[in-house]
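To start, the structure itself, in structure tokens.
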Amino acid sequence: MSAVAEISALSLRYGRVRALAGVTLSLPAGRMVGLIGPDGVGKSSLLSLLAGARRLQEGELRVLGGDMRDAAHRRRVCPRIAFMPQGLGRNLYPTLSVFENLEFFGRLFGHDRAERERRITGLLARTGMSAFRDRPAAKLSGGMRQKLGLCCALIHDPDLLIVDEPTTGVDPLSRRQFWDLIEDIRRDRPGMSVIVATAYMEEAARFDWLVAMNAGQVLATGTPADLLAHTGSATLDEAFIALLPEEDRRGHTRVVIPPRPPGAEIAIEAQHLTMRFGDFTAVDDVSFRIGRGEIFGFLGSNGCGKTTVMKMLTGLLEPSEGEARLFGAPVDPRDMAVRHRVGFMSQSFSLYTELTVRQNLDLHARLFGMEPDRIAPRIAEMADRFDLTEVLDGLPESLPLGIRQRLSLAVAMIHAPEILILDEPTSGVDPVARDAFWTILGELSRKDGVTVFVSTHFMNEAELCDRISLMHAGRVLISDTAAAVITARGAATLEEAFISVLREAIGEEPAAIPSGQMAVGHTAPASVFSLRRLLSYSGLEALQLRRDPIRAALALVGSLILMFVIGLGMSFDVEELTFAVLDRDRTALSRDYALDLSGSRYFHEEPPLESYDDIDVRMRAGQLSLAIEIPPGFAAAAERGGHVEIGAWIDGANPTRAETVSGYVQGIHADWLMRKARESLGGAASQGNFDLVTRFRYNPDVKSLVAVVPAVIPLLLLLIPAILTTLSVVREKELGSIVNFHVTPVTRLEFLLGKQLPYIALAMLNFVVLTAFAVFVFRVPFTGSLPALSLAALLYVTATTAMGLLISSFISSQVAALFGTAMLTMIPGVQFSGMIDPVSSLQGAGRLIGEIYPTTYFIIASRGAFSKGLGFADLGQSLLALAVVIPVILGLGALLLGKQAK
Amino acid sequence: MNLSHIAQLGLKELRGLWRDPVMLILIVYSFSLSIYAQSNAMPEALSNATLSIVDEDRSTLSGRIAQAFYPPHFVAPRMISAAEMDRRMDEGQDTFALVIPPDFQRDVLAGRRPALQLNVDATRMSQAFTGSGYIQQIVASEVAEYTARYRTDAGMPVGLMLRPRYNPSLDPGWFGAINSVIQSITMLSIILTGAALIREKEHGTVEHLLVMPVTAIEIMLSKIWSMGLVVLLASTFAIVVVVEQLLQVPVQGSIPLFLVATVLMLFATTSMGIFLATVAGTMPQFGLLMILVLLPLQVLSGGLTPRESMPDIVRIIMSAAPNTHFIQLSQGVLFRGAGLDVVWPQLLALAGIGAALFWLALRRFRAFLA
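Chains as they are written, first to last, in the numbering used here: chain A, 341 to 1242; chain B, 184 to 553.
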């Protein structure tokens, strides 16, 4: 038996967490190999190493006959491997349509238009998705999204298909169809090896060869029959438990829930519940009755309406139609008494991670209004019952998933509710912990008479419920005991019974194309640089931008708003300053003096002052910026040529304004003196020995806007494009689609340039809008060469978008990206680039940053072209500086961006 | 509404914050070092201005003039030729260029009033005005000193005595310190409530609260009191220790009155944080939205440049912003020593704006949770 992958002593760590601990394994070629085990045992880590998406740490790994440490080998085999990561549609782009998603992958693998069209049409027909060609991926059901993910993985006819938990959260029928599809494709391509991870043991029974994993290690390998025979078990679930080391198995018993004593009281009743969100009906006419103490199971795919039903039962949502009743009383969201009778454990709730176990229990007890002296005993009781005593003072995050789920249940039970509503409480939990959890549920129901309403994806859990309902697309399809469902459908297992119910509800599967029609053509080996791959990412980015109007709108409108704000806010001319006069002279001359002030456009005169106290009071109240005191005998002294002083009190609370006021008042005072001197001396008066002729160049009227606006444009073209490009890469990292970059032949430079192009276009559009706004709205005169400024802008936004890419190469969360980019661009942009203080007047580090920061050169170009009448020849140096900086930034970005995840 | 619920949930928020070292460091930093640094970094009106001199006279007097310019107001001037001047100004290397004509010294001594030419790059508004004033004074005093032994000038008949009040040396760091305290108050109260709310939504813990017997208004009030308390304590520390003690800014008025106003301000800004979070929904959108809101709040509320310089429409719109009133009030109370009799309109405005924002946020918050 030849091997598709040879693994020896492979280890992997994430910080202090060990994901793989010395795995040695040989995976057979041409088979369907399954990795089984609960969440967090290292399945996904192993698969991503096999796909070349993650960098090897310790150990050796050979895939398709070559060493995966060798970058050249990875590049060679990359087009022969396909990888579909975990999670619904993680490798897809939700806003793109089915066809656009497929086309993106086709381009990445170098297919021309005709080839793409042929392959996509073939794959869609094959998977029965032709009718959904133009539907956005986000609007597909879970099962369809997984099929599309598979199509994307298969577009280049891989020899090795790696699929990570493709059916988690998908309804039983779609699950069945998915595996049929894979088998069908394997019939066409018998040489293809498939490696699959799954948490559903029922599915694993169909695979050719299994690897059971726990805690980063391999427990056992072999065919399903081997594993069952070896452990002497009837099902793979039991076999897996038997394979676990002794300490993990300790205390495990099979779940046995005794039969329910008959009782007539109805605990939960739903009557024709309907919920509509806009024109989408999430829940359609759902009715059921659940008796006190019953365990009622709810099954269905993600997004079928289960959670919505639960929210209506707890009063979180008000139904559009119908009614929910608890113990005979209608559920009223405003009635707090109802909530005391219900305990809820939501799918996403993982407790307050910042509070300890005890604090979590305590908080909930208090919120439910328990008597303070009863709280401590109750916490002790719950800790004892749910086996939490030892971890009471630990933080939830330090606990294993299984214990955390028990804690969530304890929190939901703290106030001794009569009804428990649990939304997928055991997803991702290992079989031993799941059995312990269900043992507790059994006790609660049978001993304490608690009614349990629980949703699950696991068939063996569904069989433990007293009754089960199957929900699909907002409707309950069947509701009965497990045995009755199986008998009614004449099926062998509960899963088959459900599949037949679903098939009946949805209609027959679309006809599949007969085998042998699609495996044609060959994917070319990856070249070193491909314009098609580059443009493939550009097209992707442009489409996403078009489909997310908020982002583009924030970029365009936001920058206009900011320009407006800064343009107005950074104004240096101050008008309408309030002043009042304390005229203790009351002569024609003193009135003449005051008239000069009130006549200027800078000052606005308030009612005259009466006394010194008046100055105090009114200035303290902020009514006056300036108070002028003209002393008694002012006119007489001035006539005589004697010395007299006018007092000017200035409100110094805001020093900027005070400086302006003192400048204005000094100017007006000097003018008044000159005028008086000319009047009395007939023009012969002269002061000083020379004249200083001041020429205000480039901005003769000395307007703030003319000075500020040409410097604001560079700042905005820095901040917003950089944030957008950073986010465009970091989003992919956070949402998971970055894996497409890791496992397809696209190179780092193609990826970066491809991502950059649409944002350069957007930034240039932004430049046009801002410039037009400056010229036509702010009326800033444009005196230089527009083509020269446009060229400078093009170079500049190429550099600023590249800076975003550079930043994104070392940041991985969106919030950090936002604040990081703002910090790394705003401070140098505002303070070191000559926007306010010229670079030449800076010192130290600020000076150095200013000298190399691209914004410095674009501010020179922008001011030059707007105000100084400069053209190409004059701006040559700035253009050159901008052109030189681009390859430096892009090169650094490409160096820092790993082609593999770390 | 149950006061015990509000108290318990608020305690939960405080415990959560206590376990978030990054946020704690950010809070401490923004109310201590950041204020200290910003206040000290506030440049004087003119610093390190670049000046070139075209000296066509090359006399003793022109040499003295050239030597009269030195740091911190000016960098040491560069002597250039007339041909270089235009290029250097075009390239933005010089803000000022002073041209001293041939025979300047001789003409001055002969009383012929020769003209000096000062070229100013008026696109650099921050330096253009004050700089040319300084240059005029410096040149005048050099010339006067040089010619003193030949002639004496009569003093001005009417003098102007400038008396800046509340900040006699017009040290921009005083107001800068208060302004950065206000900036920190605004920014942190918005981030603490808004980002925390979005994080809770993303982790699904808000939804969980709603199945318990607590109401939306209780959740909101618990966030407002707990985060408001944190920012209030931090800003008290900032005013009493950093501003008064470390920066030695004399505070004239009543600090308790200022703190009462801070409480009202926090009521408004924490409500605004919750409102923004409910509008944004996701963290990146919240971040962009926050920048779009914070920047105008800071630039247009009178903290950076005087409100008098803004167009009426902006002033009217900004009178709906809590910052505008809070800045007016802080100036009045802290520097001018104004009492309740003077600042009651601002207190009233803050309370009104706070109530309106709270009501808006509560309406959105209920929809946000559904």
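All C-beta atoms in this analysis are idealised placements derived from N, C-alpha and C, irrespective of residue type, glycine included.
In this structure, M262 of chain B sits away from N302 of chain B, with a CB-CB distance that is not shorter than 9 Å. Exclusion of the five residues before and after E443 of chain A leaves R456, I460 as the residues of its chain whose Cβ lies within less than 7 Å of its Cβ. Per DSSP, the unbroken alpha helix (DSSP H) holding R873 of chain A starts and ends at 871 to 887. Between the region 919 to 927 of chain A and the region 953 to 973 of chain A, the count of C-beta pairs closer than 8 Å reaches three or more; the two stretches touch. About 6 Å separates the CB atoms of P1194 of chain A and L1222 of chain A; that is less than 8 Å, so the two are in contact. Under a criterion of Cβ atoms nearer than 9 Å, the residues of chain A adjacent to V397 of chain B are, in order, M676, R679, L707.
Annotated three-state conformation of F628 of chain A is strand, per DSSP. A straight line joining the alpha-carbon of A976 of chain A with that of D354 of chain B spans about 37 Å. Think of a sphere of 8 Å around the beta carbon of R348 of chain B: the chain A residues whose beta carbon falls inside it are M959, W989, I990, D991, G992, in chain order. The continuous alpha helix (DSSP H) containing T445 of chain B extends over residues 438 to 463. Taking 9 Å as the threshold, the shortest C-beta distance from T654 of chain A to chain B falls below it. Following the DSSP letters along the chain, one finds H944 of chain A inside the beta strand (DSSP E) bounded by residues 943 to 945. A residue is called buried when at least 16 other Cβ atoms come within 10 angstroms of its Cβ; R289 of chain B does not meet this threshold and is exposed. Taking M685 of chain A as the centre and dropping the five residues before and after it, the same chain places the C-beta of S748, L749, V751, A752, L760, I761, L762, D763, P765 closer than 8 Å to its C-beta, in chain order. With respect to S1149 of chain A, L1089 of chain A sits apart: the two C-beta atoms are not nearer than 9 Å.
Beta-bridge pairing by DSSP links P476 of chain A to A:S437. Judged by DSSP secondary structure, L234 of chain B falls within the beta strand (DSSP E) whose first and last residues are 234 to 238. Listed by position along chain A, the residues whose Cβ is nearer than 7 Å to that of M455 of chain B form an empty set, because the closest Cβ is around 17 Å away.
In the three-state scheme derived from DSSP, where H, G and I count as helix and E and B as strand, L691 of chain A is classed as coil. A Cβ-Cβ separation of about 7 Å places I715 of chain A in contact with R706 of chain A under the 8 Å criterion.
Considered as a whole, the region 733 to 811 of chain A harbours 741 to 753, 771 to 788, 799 to 802 as its complete alpha helix (DSSP H) runs of no fewer than 4 residues, in chain order. Secondary structure within the region 1176 to 1233 of chain A: the alpha helix (DSSP H) runs of 4 or more consecutive residues, fully enclosed, are 1184 to 1192, 1194 to 1207 (chain order).
Between E440 of chain A and the set A:A1112, A:A569, A:C491, the nearest pair of CA atoms involves A:C491.
Excluding its 5 nearest sequence neighbours in each direction, L192 of chain B has C-beta neighbours in its own chain below 6 Å: S405, listed in chain order.
Shortest Cα-Cα distance from S870 of chain A to any of A:G1094, A:A1103, A:R698 involves A:G1094.
Against chain B, the CB of T1034 of chain A has a partner CB under 9 Å away; the residue lies at that interface. Interface flag for Q884 of chain A against chain B is unset, since no Cβ pair is found closer than 9 Å. Three or more beta-carbon pairs drawn from the region 465 to 478 of chain A and the region 423 to 437 of chain A are found closer than 8 Å, and the two stretches are therefore classed as touching. Put simply, the CB of Q745 of chain A is far from chain B, with every gap to its CB atoms at 9 Å or more. Annotation for D936 of chain A: I1008, W1012 place their beta carbon closer than 6 Å to its own, counting only its chain and skipping 5 residues before and after. The C-beta of V497 of chain B comes closer than 9 Å to at least one C-beta of chain A. Within the region 1085 to 1102 of chain A, no residue has a Cβ lying closer than 8 Å to any Cβ of chain B. Chain order gives no chain A residues near L459 of chain B, where near means a beta carbon separation below 9 Å; the closest approach is about 14 Å. For S351 of chain A, the uninterrupted beta strand (DSSP E) segment begins and ends at 343 to 354. Here R466 of chain A is buried. Its C-beta has 16 or more other C-beta atoms within 10 Å. A Cβ-Cβ separation of about 15 Å leaves L390 of chain A out of contact with A349 of chain A under the 8 Å criterion.
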